[in-house]
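Trainee: Here numbering that gives the first Met the number 0 is used: position 20 in the sequence shown is 19, and no number is missing along the way.
No residue lacks a Cβ here, since even glycine has one placed at the ideal position from N, Cα and C.
Since we're looking at a predicted model, the values are computed, not measured.
Following this message is one structure expressed as structure tokens.
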Amino acid sequence: MNFSALKLSPPLLQVLEELDFQNVTPIQAQSIPVLLQGRDLVGQAKTGSGKTAAFALPLLEKIRLQDRRLQALVLCPTRELCAQVAGEIRRLGRRLPGLQILVLAGGQPVRPQVDALEKGAHLAVGTPGRILDLLQREALETRQLATVVLDEADRMLDMGFRDDMERILRETPRTRQTVLFSATFPSDIEALSRTFQKQPTRVTVVETE
Ligand code: ADP
Ligand code: MG
0 MNFSALKLSP PLLQVLEELD FQNVTPIQAQ SIPVLLQGRD LVGQAKTGSG KTAAFALPLL
60 EKIRLQDRRL QALVLCPTRE LCAQVAGEIR RLGRRLPGLQ ILVLAGGQPV RPQVDALEKG
120 AHLAVGTPGR ILDLLQREAL ETRQLATVVL DEADRMLDMG FRDDMERILR ETPRTRQTVL
180 FSATFPSDIE ALSRTFQKQP TRVTVVETE
């Protein structure tokens, strides 16, 4: 399947062409239409299957560039993953003028992050601990958050972020779209999905090697 079959806008299709993303991966083919409709999604597919673009393209499609309040929040388990995911989203969004993406990860000074939030951004990628910290400092405004993505949700639970994730989700608007990606599907992921998602579409890509 080709990307032009998905209802993406010209700047995104142009970038995909420039990056030589010729065909959608299975997780992308199944997730992107659901996410473009604004529905909640639980996605399961192995590492390297293109999950970042699967959630990033619909996020980018939805962002209103003229509004510099935070519209999307992506939670990742580590600082390295935050940087990697933010890098991929920036690459995919490079033809969206003025797009501002922040990395809000722990293990680095909080002050510059507070200042950056003050200046305004469309999207943030952060670790649960630091995002919760910024929420408690009232540096991070959640009112305009339309989408929250839990990337590598199983790893975040393994790393002990359950409380932080739940507190963050409770601080975000009930009207949000909640997207959960995980490589595995233990019962605690199922429970998280049941508590925080609304009639999620479940997408599982199984290996047929
Ligand atoms: P995952 O999160 O599932 O582990 P990533 O989103 O990190 O996977 O993607 C792995 C690599 O594949 C990245 O380098 C990404 O740029 C590339 N990629 C993703 N989707 C496509 C595609 N449709 N065509 C070509 N390359 C892709
Ligand atoms: Mg990933």
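F54 to S30, Cα distance in whole Å?
Mentor: In a straight line, the C-alpha of F54 is about 8 Å away from that of S30.
Trainee: Comparing C-alpha positions only, which one of G128, G105, Q99 sits nearest to A115?
Mentor: Of the listed residues, the one whose Cα sits closest to A115 is Q99.
Trainee: For Q112, which beta-bridge partners are listed by DSSP?
Mentor: DSSP output for Q112 lists no bridge partner at all.
Trainee: Just how far apart, CA to CA, sit H121 and V113?
Mentor: Near 15 Å, if we compare the C-alpha coordinates of V113 and H121.
Trainee: For my contact list, L69 and L139 are in at a C-beta cut-off of 8 Å; report their separation, rounded to the angstrom.
Mentor: Between L139 and L69 the Cβ distance is about 7 Å, and since that is below 8 Å, they are a contact.
Trainee: Enumerate in chain order the residues of its own chain whose CB-to-CB distance from Q107 is below 8 Å, with the five nearest sequence positions on each side excluded.
Mentor: Same-chain partners within the cutoff: R78.
Trainee: Between D66 and the rest of its own chain, which residues show a CB-CB distance below 6 Å, the 5 nearest in sequence each way excluded?
Mentor: Within the same chain, D66 has no close Cβ partners at all.
Trainee: Can you tell which of P76, F2, T51, R38 has its C-alpha closest to the C-alpha of G86?
Mentor: Ranking the options by Cα distance to G86, first place goes to T51.
Trainee: For the ligand MG, is there any heavy atom lying closer than 6 Å to the beta carbon of T51?
Mentor: Yes; taking the cut-off as 6 Å, the Cβ of T51 has a heavy atom of the ligand MG nearer than that.
Trainee: Quick one: grab the DSSP three-state call for T51.
Mentor: Helix at T51.
Trainee: If we ignore side chains and look at the alpha-carbon of each, how far apart do L46 and A182 end up?
Mentor: The sequence given here has Thr at residue 46, not Leu. Computed Cα separation, rounded: 7 Å.
Trainee: Mind checking M0: buried by the 16 CB within 10 Å criterion, or exposed?
Mentor: Exposed, since its Cβ has fewer than 16 Cβ neighbours within 10 Å.
Trainee: Given the structure, does S3 come close to the ligand ADP, in the sense that its CB is under 6 Å from one of the ligand's heavy atoms?
Mentor: Checking the Cβ of S3 against the ligand ADP gives no.
Trainee: Does the structure place the stretch 157 to 164 close enough to the stretch 15 to 23 that three or more beta carbon pairs sit under 8 Å?
Mentor: Not touching, per the Cβ criterion.
Trainee: Considering only heavy atoms of the ligand ADP, does any lie closer than 6 Å to the CB of S30?
Mentor: No - the ligand ADP has no heavy atom lying nearer than 6 Å to the Cβ of S30.
Trainee: Taking the alpha-carbon of R93 as reference, which of P185, L11, V202, E206 has the nearest alpha-carbon?
Mentor: Of P185, L11, V202, E206, the residue nearest in Cα terms is L11.
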